[in-house]
Amino acid sequence: MTRSSCALSGQTPWENTLTRLGALPKRTAPFHRSGTPKLSTFALDQIQAQIPQAFVERYVDRTGEPWGVVAREHIVEVTKLLKEKLGFNLFISMDAVDRLHLEGPEQDPRFEVLYFLRSVERNELTRLKVRVNEGEDIPSIMKVYLGAEWGERFVWDFYGVAFAGGKNKRILMYEEFVGHPLRKDYPLRGRQNLIPERPIKDIFRGPGTNGVQD
Numbered sequence: 423m424t425r426s427s428c429a430l431s432g433q434t435p436w437e438n439t440l441t442r443l444g445a446l447p448k449r450t451a452p453f454h455r456s457g458t459p460k461l462s463t464f465a466l467d468q469i470q471a472q473i474p475q476a477f478v479e480r481y482v483d484r485t486g487e488p489w490g491v492v493a494r495e496h497i498v499e500v501t502k503l504l505k506e507k508l509g510f511n512l513f514i515s516m517d518a519v520d521r522l523h524l525e526g527p528e529q530d531p532r533f534e535v536l537y538f539l540r541s542v543e544r545n546e547l548t549r550l551k552v553r554v555n556e557g558e559d560i561p562s563i564m565k566v567y568l569g570a571e572w573g574e575r576f577v578w579d580f581y582g583v584a585f586a587g588g589k590n591k592r593i594l595m596y597e598e599f600v601g602h603p604l605r606k607d608y609p610l611r612g613r614q615n616l617i618p619e620r621p622i623k624d625i626f627r628g629p630g631t632n633g634v635q636d
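What follows is the structure in structure tokens.
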């Protein structure tokens, strides 16, 4: 096996040897070992073709990169397609945007929830948005991507967007925290009430303490 053929297959010479011996499955697509994943228009094409009722729009942002917007009631169906049929098997992260103070049609719906999913095999990234108004929830995708629990909890914690069937629990703020700090209507200098110190083992003040000063 030559170096050039190894480079084309994306495998090391040792992996190519194991593939020929049947110890490793033969790759059906080029494998990119490193580098920034390329943004996939293939995924958006497939969503639009296979689940047209889920597709709201697609556009290219100011940096020239593609986004797909899907209807919230179809997000589970869309992510199942991406994971089970299109190879986007890695959940990367979630985020949100509060568009409260934007002018014109971009203000409604108020929130955009962002999903970042990756195909490890092809080193491709796809980016989706779901738009919701205040008080509307989004079906949880935790049963598709278990790791989405952390992303959904972050969006709930900081923006107040709830997920039907999800945990909807704080992830960084404490349970008594009032409000959601990344919303545009959260007061810039907002203050929270003090809460009692937690009765937990204190690893900083030494053994034998329970988190409360004697």
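Count along the sequence shown from 1, add 422, and you get the number used in the working numbering. Beta carbons: idealized from backbone N, C-alpha and C, even for Gly. Predicted, not measured: the structure shown is a model, and the values here were computed from it.
- prompt: Looking only at C-alpha atoms, which of D483, L503, S562 and R553 sits nearest to D638?
  reply: No statement about residue 638 is possible, as the shown extent of the chain runs from 423 to 636 and does not include it.
- prompt: Smallest Cα separation from N615: which of V500, V600, V552 and K606?
  reply: V600
query: So, helix, strand or coil for Y596, using DSSP?
result: coil
Cβ neighbour criterion (16 or more within 10 Å) applied to N545: buried
- request: Report the option in Q472, L568 and I617 whose CA atom is closest to the CA atom of H496.
  value: Q472
Element boundaries [alpha helix (DSSP H), containing T458]: Element bounds for T458: n/a, residue is neither H nor E.
- prompt: So is A586 buried or exposed if we call it buried at 16+ other beta carbons inside 10 Å?
  reply: exposed
- prompt: Nearest to R549 by alpha carbon, out of E619, V482, I617 and K623?
  reply: V482
- prompt: Can you tell which of D607, R611 and E534 has the C-alpha that lies nearest to the C-alpha of V577?
  reply: E534
- prompt: In this structure, does DSSP put G573 in helix, strand or coil?
  reply: helix
message: So, for R442: in the same chain, excluding its five sequence neighbours on each side, which residues have a beta-carbon less than 7 Å away from its beta-carbon?
response: none
Backbone CA spacing between G569 and E597 [nearest angstrom]: 22 Å
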